[in-house]
Amino acid sequence: MDFLISLPVILPLFSAILCVFLRDYVKAQKTINFVTASLLLVISFTIGHFVYHDDIIVLNSGNWSAPFGIVLVADLFASSMLMVSNLVYFAVVFYTLNNIDKEREKLYFYPLLNTLMMGVNGAFLTGDIFNLYVWFEVMLISSFVLITIGGEKSQLEGAIKYVTLNLISSFFFLTGVGFLYGLTGTLNMADLSVQISNSEPSVLIDTVSLLFLAAFGIKSAVFPLFFWLPASYHTPPVVVSAIFAGLLTKVGVYSLIRVFTLIFTQNTSFTSDILVVIAGFTMITGVLGAAAQNDIRRILSFHIVSQIGYMIMGLGLNTALALTGSIFYILHHIIVKTNLFLVGGLVDKVKGSFALPKLGGVYKAYPFFGVLFLISALSLAGIPPLSGFWAKFTIAKAGVDISAYFIVGVALLTGILTLFSMMKIWNEAFWKEQPADCVQVIKVTKKDLVLSVLPVVLLASVTVLIGVFAGSVFEYAEKVTAGLTDSTNYINAVLRRISE
Amino acid sequence: MNSIILKTAVKYLFPVLVLFSLFLLIRGHYEPGGGFVGGLVAASSVILYLITEGVEKTKRLMKFEPVYYVAGGLAISLLSGLVPVILGMPLLTGTWSNIEAPVLGKLGTPLVFDIGVYFLVLGVSTKIVISLAEED
Amino acid sequence: MILLLSILAGILVSAGIFLILRRSLVKIILGFALLTHAANLIIFTSGKITPGKAAFIKKGSESLSEPFADPVPQALILTAIVISFGITAFALVLFKKAYKATGSDDIDDYNTTDSIKHNI
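Chains as they are written, first to last, in the working numbering: chain B, 5 to 504; chain Z, 27 to 162; chain X, 968 to 1087.
In structure tokens, the structure reads:
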């Protein structure tokens, strides 16, 4: 049973190894990759099912019990992230089937996708802070290579910023881990939680918590550390952008929430003020940055930043309802954001460009694309009854409950500006006539089109379903939050204590 | 590089270094040493060879591309981690047999894991150096 | 000893940050190298130093006898070194490729993708 939770890590590794050996057989790699993605989807939902109905699953790797060995832990939060991430990964792999060029396929594209997913899953599942660092690095190195393969000039330029800033964040992370080990003598997150809550509050602990805030802040692209994201996310092929947009920053947010609800809970008034201020700036700068852009992918990249603000806001407000909103927001955001990038890819496929001034008339030619875009875009902006509305509503309600009116105002303003950006894409790409000098004749076969649209339809329908069944998803998110705010269950499960 | 002294030295150093790397690998079973150091020493012997004989000859010496060494090493390590799972223990548990082999001592999965690490490190280091050398 | 190592780590961090803030690509890589060394030194120092005692079990005994060095920071540093080794190698190749593509070593020439008019 506990072996099950190591599968999301082992399976992509196994598949990556196979794909390296089959380097010259692209078709075989494709098949392996697709099978792995489907298996991951099934496994993550099985894990989610068990965790929801039974209890937290803990795996002591190497048979070393916590806090000495490295543990993998699947609690509700981890398993919910696993499910959504692997769902998105499945859709992206589906989309990859005929949307990646031959050249990149030969440059280890599929092994890298697998190792990326191994890193993401590992980061969600691990119960050890240093191991989290290692998974971050696995994920980062894969993403470094994914963002650069192809070697176009713009890609290299974007990659330099991406690599540089992420390496600085790794430095902060590593230093933080070092201090934490010096302070407590342990690396196991559950044990750290116990040790720190039993120790005297000290300035050193606050400093270390800020080191972690900076490290995860860079990875999750919050103000003022987000500049690497809009500089690089629009340069690689759209499948790569889509999976990055959906997963990478959210792993940072996941780690922030994990660390600030489990380990640094002593002096929350100190950190939550900082978090709320950061959240406000992140939302507003992200959305204003997007308003100025003219490229679909760049607009969407800036929107990732502004949306991260909402999640951080939920964490910063520091009430159960706000945290529930945050979690709801992450689950909804991963799906919607990936889907918007994929729709952007579809537009590029039929019109040959991402630049808004060169685009137009997509709705006339492919009305169905318009519907798919609107579902995701309106959900992102928070129009009822789509998923984004409930997420935003929960966070805003939580803010009003504790009279944090200013930040709620910022959040609502951001929502309106998001709608403005989305309507800009709609007007320019879908509604207006395409400028005559920009019309290209692009032949797209029917089979190609159907295969590319199917994953987008899948994600769009999940968005709608989350909106329709918002009640059950909200209850689920509440349960996840209950596991985070009261971490005794987590600690007892990891340290194998018998709960009273 | 065309230096008679280095060339002659590498001719004799190469087998010694490879043997030394194997020694380190096996010694790591009970004492300081192990797959990682062993792999690095083996890689340094290959790199020395590359400096004197050039990229083409080194590729022939390696037989397979370095990437295959990486993947192969990973596969060996992964399999050694999966053995205990088949025996009903958690992933990556050190599983020992009762066979006392000469030189090696008790056989077990940690040794297999180390062999995987050895090939992985060898592959990664040589891959880096070869691709840097090919650029010029 | 701890004081000395801490000061050294501080010097490494400041030198690393100074180098990263320069505009040259090569200096950025050197800056990283210094930063990772600093991080490793910090882990090493904060893990309490026990000089002259290895973290190995002596022949014939069953467990470690006091005093012994803490093996965990060493394991952490080893892992961190390996990771930074890989990343530095990757960064070197990336920066070299970028230098070839743009023909410039100056970071200020790397802002075309940030422009609003990029690709339009």
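Cβ atoms here follow ideal geometry from the backbone N, Cα and C, with glycine treated the same way.
query = Thinking C-beta only, is B/A295 closer than 8 Å to B/S425?
reply = yes
query = So, is the C-beta of B/Y185 closer than 8 Å to a C-beta in chain X?
reply = yes
message = Are the CB atoms of B/F345 and X/L1090 within a distance shorter than 8 Å?
response = There is no way to answer for residue 1090 of chain X, as the model of chain X reaches only from 968 to 1087.
Any chain B beta carbon closer than 8 Å to X/P1038 = no
inquiry  = Could you tell me the alpha carbon to alpha carbon distance between Z/I102 and Z/V147, rounded to whole angstroms?
reply    = 13 Å
query = Hey, is B/G162's beta-carbon within less than 8 Å of any beta-carbon in chain X?
reply = yes
task = Quick one: which residues of the stretch 115–138 of chain Z get their C-beta closer than 8 Å to a C-beta of chain B? List them in chain order.
result = M115, P116, L117, L118, T119 and G120
query = Can you name, in chain order, every residue of its own chain whose Cβ lies under 8 Å from the Cβ of B/S65, other than the five neighbours on each side?
reply = S10, G73, I74, V75 and L76
request  = Taking a Cβ distance cut-off of 7 Å, strictly less, list which residues of the stretch 65–80 of chain Z are near chain X, in chain order.
outcome  = none
query = Would X/S981 count as contacting chain B if we go by Cβ distances under 8 Å?
reply = no
message = Taking 6 Å as the limit between beta carbons, can you name the residues of its chain near X/I1024, skipping five residues before and five after?
response = Excluding sequence neighbours, X/I1024 sits near L1031.
Same chain, Cβ closer than 6 Å to B/N170, five either side skipped, listed in chain order = Within the same chain, L144 come within 6 Å of B/N170 by CB-CB distance, once the 5 residues on both sides are set aside.
task = Run through the stretch 159–210 of chain B for me and flag every whole alpha helix (DSSP H) of 4 or more residues, listed as ranges in chain order.
result = 193–202
query = Do Z/G131 and Z/T121 have their CB atoms nearer than 8 Å?
reply = no
From B/S69, B/L80, B/A70 and B/A41, residue whose alpha carbon lies closest to that of B/Y56 = B/L80
ask   = Exposed or buried, what is B/N103 when buried is set at 16 or more other beta-carbons lying within 10 Å of its beta-carbon?
value = buried
key: Member of B/V375, B/N431, B/L178 and B/L45 whose CA lies at the smallest distance from the CA of X/L1046   = The amino acid at residue 1046 of chain X is misidentified as Leu; the sequence shows Thr. It is B/L178 whose Cα lies nearest to the Cα of X/T1046.
request  = Taking only the alpha-carbon atoms, compute the straight-line gap between Z/I154 and B/S465 and give it to the nearest angstrom.
outcome  = 45 Å
request  = In angstroms with no decimal places, state the Cα-to-Cα distance between B/L368 and B/F434.
outcome  = Sequence inspection shows Lys at residue 368 of chain B; the Leu mentioned does not correspond to that position. About 8 Å.
key: Residue span of the beta strand (DSSP E) that contains B/N64, given as start and end   = I61 to N64
ask   = Per DSSP, what kind of secondary structure is B/V77 in: helix, strand or coil?
value = strand
inquiry  = Does the contact criterion of 3 or more C-beta pairs under 8 Å hold for the stretch 22–29 of chain B versus the stretch 80–93 of chain B?
reply    = They do not touch, by the three-pair rule.
task = Say yes only if the C-beta of B/V468 is nearer than 7 Å to one or more non-hydrogen atoms of the ligand ATP, and no if none qualify.
result = In terms of ligand content, the structure shown is empty, and the ligand ATP therefore cannot be addressed.
request  = Consult DSSP for B/I411 and reduce its assignment to one of helix, strand or coil.
outcome  = helix
query = From B/S69 to Z/P116, what does the alpha carbon distance come to, in whole angstroms?
reply = For B/S69 and Z/P116, the distance between alpha carbons rounds to 11 Å.
inquiry  = Suppose contacts are defined by Cβ-Cβ distances below 8 Å. Is X/L1061 in contact with B/A163 by that definition?
reply    = Result yes, Cβ atoms of X/L1061 and B/A163 sit closer than 8 Å.
inquiry  = For a cutoff of 8 Å on Cβ pairs, would you count X/A1056 as touching chain Z?
reply    = yes
task = Would you kindly report the start and end of the unbroken alpha helix (DSSP H) that includes X/S991?
result = Segment: none, X/S991 is in no alpha helix (DSSP H) and carries neither H nor E.
key: Backbone secondary structure at B/T323 - three-state DSSP   = coil
request  = Please report the Cβ distance between B/F285 and B/F227, rounded to the nearest whole angstrom; I am assuming they are in contact, meaning their Cβ atoms lie under 8 Å.
outcome  = 4 Å
task = State the CB to CB distance for the pair B/A402 and B/L321, rounded to an integer number of angstroms; the pair is presumed to be in contact (CB under 8 Å).
result = Correct: roughly 6 Å between the Cβ atoms.
task = Compute the Euclidean distance between the alpha carbons of B/L217 and B/L266, then round it to the nearest angstrom.
result = 14 Å
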